[in-house]
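Below is one structure, written out as structure tokens, with a few remarks after it.
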Amino acid sequence: MTPSLFALVDCNNFYASCERMFRPDLAGRPIVVLSNNDGCVVARSAEAKQLGIKMAVPVYQIANQLRQHHVAVFSSNYALYADISNRVMTTLEQMVPKVEVYSIDEAFLDLSRLDKCIDIHQLALDIYQRIPQWIGISVCVGIGPTKTLAKLANHAAKRYPATRGVVDLRDRERQRRLMALIPVDEVWGIGRRLTKRLNIMGINTALQLADAHPKLIRDTFSVTVERTVRELNGIDCDDIQEVAATKQQIISSRSFGSRIDNLEAMQQAINEYTFRACEKLRSERQYAKAMSVFVRTSPFSDATPQYSKSLSGSLVRPSNDTRDFVTLGQSLLQSIWREGHAYAKAGVMLGDFFGAGVFQLGLFDDVTPRPKSKELMQLLDKVNHSGHGKIWFAGQGIDPTWGMKREQLSPRYTTQWAQLPIVK
DNA sequence: TCTGGGGTCCTAGGACCC
DNA sequence: TCTGGGGTCCTAGGACCC
């Protein structure tokens with residue numbers, strides 16, 4: 003068996019870099035990009051990081067700092083980021099045969115066997131130079147015998163400028179020297195809670211975790227953490243997934259722009275989320291049988307009583323007709339709705355998926371499919387994607403007050419003709 | 001006043017069945 | 001009367017990722 007070899011290519015400050023691509027006037031100025039509802043910071047340019055602005059900090063807590071340092075603030079513009087991401091991924095796919103798009107701003111490359119015929123280090127340098135040249139976004143490249151080590155290598159490439167954007171961790175001694183320097187919480191798969199518990203056990207660095215006994219780790223934590231230990235030791239537990247796995251659930255949920263306290267508004271919100279979830283379901287060419295609905299108050303307001311409830315239900319047969327899920331969703335909402343709370347967030351989840359034509363009806367199930375369901379849903383999706391107006395259900399409400407805040411949105415430079423940047 | 005959204009995987013506990 | 005143990009399904013929750 004050929005030993006495996008991976009590279010991780012990760013864009014630098016991706017959302018902030020996308021915003022700056024079209025605003026050369028912002029060169030050198032700190033940039034932050036905000037989450038939905040303009041709630042908290044989800045991306046920072048290098049300058050913003052230097053100001054000490056932390057990831058995920060609520061905006062209102064740093065409002066003064068943003069003003070004082072003249073920080074450029076953007077609402078997140080996913081249409082723009084997705085388009086730039088596609089260009090980066092396409093370029094990588096032209097350079098390497100097997101690419102796994104892991105998230106909007108990073109991809110794993112399968113280099114196994116490739117190292118027999120090409121110079122891996124040169125390939126990494128080519129990627130490092132070509133992506134900024136062609137797309138306008140800078141990247142770092144990490145190389146290692148497992149995904150976890152490639153991640154770690156990438157982390158080092160970002161942290162230490164002397165590496166000039168490429169770190170190659172094929173050598174075991176190099177792996178150990180680096181791991182000794184890296185705190186355990188920087189390891190992929192080790193988050194805040196696990197770090198706390200590992201620290202109590204005296205495990206503080208990546209190397210100490212690598213040297214821990216896998217069996218002990220499994221018994222104390224879980225198989226997931228055990229796998230991480232093995233990966234740190236160069237044992238590959240996670241192959242490249244070139245084709246995105248079929249989704250197992252679809253979630254549509256939002257915090258409200260302002261709190262909801264009446265049933266009618268909540269019914270509209272649930273209908274809206276149901277509508278979006280079904281759109282996604284059809285774009286995945288799937289049919290769902292299960293649905294759950296949840297509502298909750300804000301976990302951050304400790305003065306008022308908290309309420310959080312979810313409930314699942316099931317259709318008799320899988321469907322992707324929005325009307326079926328609107329009916330089910332509303333009845334689930336009825337059961338969990340409690341008057342007298344200031345609701346901050348709600349959502350719907352679809353699950354238990356079937357491909358077209360897979361599901362067998364029970365012998366005595368008496369359900370006639372809706373006539374023309376497919377045609378109607380296709381028409382709905384077509385109109386709504388055409389850019390010429392929208393069709394929606396009356397139950398979604400018109401111009402709801404609880405809708406999302408996006409006050410700092412940049413233009414859709416690359417995906418709407420009317421918003422193309424102008425070169426003077 | 002103001003704290004994201006969309007995913008995955010794993011585990012524990014209760015109900016129910018044989 | 002025998003009240004054990006294993007399997008499955010469901011729900012809820014924890015933890016992680018970007």
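According to this note's numbering, the residues represented by the first sequence are 3 to 426, in order. Where a beta carbon is used, it is the ideal one built from N, C-alpha and C, also for glycine. In this text the structure is predicted, and so the values were computed from the model without any measurement.
Just list the residues that DSSP pairs residue i with in beta bridges.
{"i": "Asp12", "result": "Glu108 and Cys142"}
{"i": "Arg256", "result": "Ala348"}
{"i": "Gln251", "result": "Gly353"}
{"i": "Arg298", "result": "Ser310 and Lys347"}
{"i": "Ala29", "result": "Bridge partners of Ala29: none, in fact."}
{"i": "Val227", "result": "Val227 pairs with nothing; no bridge assigned."}
{"i": "Ile262", "result": "Tyr345"}
{"i": "Glu102", "result": "Phe110"}
{"i": "Tyr130", "result": "Paired residue(s): none; Tyr130 is not in a bridge."}
{"i": "Tyr289", "result": "Phe356"}
{"i": "Pro60", "result": "Cys42"}
Can you check which of these residues, the options, is closest to residue i by C-alpha distance?
{"i": "Leu125", "options": "Thr207, Phe395, Ser412 and Ile145", "result": "Ile145"}
{"i": "Gln177", "options": "Ala158, His387 and Arg195", "result": "Ala158"}
{"i": "Phe355", "options": "Ile33, Arg287, His123 and Asp40", "result": "Arg287"}
{"i": "Thr449", "options": "Ser114, Asn273, Ile129 and Gly353", "result": "Not covered by the structure: residue 449. The range shown for the chain is 3 to 426."}
{"i": "Thr306", "options": "Gln332, Gly204 and Arg261", "result": "Arg261"}
{"i": "Leu68", "options": "Glu49, Tyr83 and Asp85", "result": "Glu49"}
{"i": "Asp117", "options": "Glu341, Asn156, Pro163 and Ser6", "result": "Ser6"}
{"i": "Gln135", "options": "Val328, Asn39 and Met23", "result": "Met23"}
{"i": "Lys153", "options": "Ala9, Pro320 and Gly353", "result": "Ala9"}
{"i": "Phe258", "options": "Ala271, Gln251 and Ala18", "result": "Ala271"}
{"i": "Phe395", "options": "Arg414, Pro373 and Gln269", "result": "Gln269"}
{"i": "Glu341", "options": "Ile205, Val44, Asp263 and Gly204", "result": "Asp263"}
{"i": "Ser254", "options": "Asn38, Glu21 and Tyr104", "result": "Asn38"}
{"i": "Asp238", "options": "Leu151, His71 and Arg319", "result": "Leu151"}
{"i": "Cys42", "options": "Ile64, Pro26, Glu21 and Ile122", "result": "Ile64"}
{"i": "Ser140", "options": "Ser412, Cys20, Met3 and Asn386", "result": "Cys20"}
{"i": "Ile106", "options": "Arg319, Arg25, Ala246 and Arg132", "result": "Ala246"}
{"i": "Lys51", "options": "Asp40, Asn14 and Leu82", "result": "Asn14"}
{"i": "Arg414", "options": "Tyr80, Ile55, Val59 and Arg199", "result": "Tyr80"}
{"i": "Thr329", "options": "His343, Glu274, Lys311 and Arg284", "result": "Glu274"}
{"i": "Phe110", "options": "Val11, Val385 and Pro60", "result": "Val11"}
{"i": "Arg199", "options": "Leu209, Ile219, Leu180 and Met181", "result": "Ile219"}
{"i": "Lys100", "options": "Asp27, Val143 and Ile242", "result": "Ile242"}
At what residues does the beta strand (DSSP E) containing residue i begin and finish?
{"i": "Ser310", "result": "Ser310 to Ser321"}
{"i": "Ile33", "result": "Ile33 to Leu36"}
{"i": "Arg46", "result": "Val43 to Arg46"}
Note the first and the last residue of the continuous alpha helix (DSSP H) segment covering residue i.
{"i": "Phe76", "result": "Per DSSP, Phe76 belongs to no alpha helix (DSSP H); it is in the beta strand (DSSP E), Ala74 to Ser77."}
{"i": "Val90", "result": "Tyr80 to Met97"}
{"i": "Lys384", "result": "Ser375 to His387"}
{"i": "Thr417", "result": "Neither: Thr417 is in no alpha helix (DSSP H) and is coded neither H nor E."}
{"i": "Lys149", "result": "Lys149 to Arg161"}
{"i": "Asp326", "result": "Thr324 to Ile338"}
{"i": "Ala65", "result": "Ala65 to Gln70"}
Meets three-Cβ-pair contact criterion under 8 Å: the region 206-226 and the region 310-317: Look at the beta carbons and you see the region 206-226 not touching the region 310-317: under three pairs across the two are nearer than 8 Å.
Complete runs of the alpha helix (DSSP H) confined to the region 163-215 [at least 4 residues]: For the region 163-215, whole alpha helix (DSSP H) runs of length 4 or above, ordered along the chain, are 174-183, 194-202 and 208-213.
Stretch-stretch touch, CB-based, cutoff 8 Å, three pairs: the region 341-357 with the region 298-313: Yes, since at least three Cβ pairs between the region 341-357 and the region 298-313 fall closer than 8 Å, the two stretches touch.
Sufficient close CB pairs (3 or more, under 8 Å) joining the region 320-327 to the region 275-289: Touching, yes, given that three or more Cβ pairs across the two stretches are closer than 8 Å.
Touching by the beta-carbon criterion (3+ pairs, under 8 Å), the region 28-43 and the region 95-114: They do not touch, by the three-pair rule.
Sufficient close CB pairs (3 or more, under 8 Å) joining the region 71-80 to the region 34-51: Using a C-beta cut-off of 8 Å, the region 71-80 makes contact with the region 34-51, since at least three inter-stretch Cβ pairs fall below that distance.
Contact the region 180-195 vs the region 227-241: 3+ CB pairs below 8 Å: A contact is defined here as three or more CB-CB pairs under 8 Å, and the region 180-195 meets this definition with respect to the region 227-241.
The region 125-144 contacting the region 168-175, beta-carbon criterion three pairs below 8 Å: Because the criterion of three Cβ pairs below 8 Å is met, the region 125-144 and the region 168-175 touch.
Touch test, the region 378-385 against the region 331-344, Cβ-Cβ under 8 Å, three pairs minimum: Look at the beta carbons and you see the region 378-385 not touching the region 331-344: under three pairs across the two are nearer than 8 Å.
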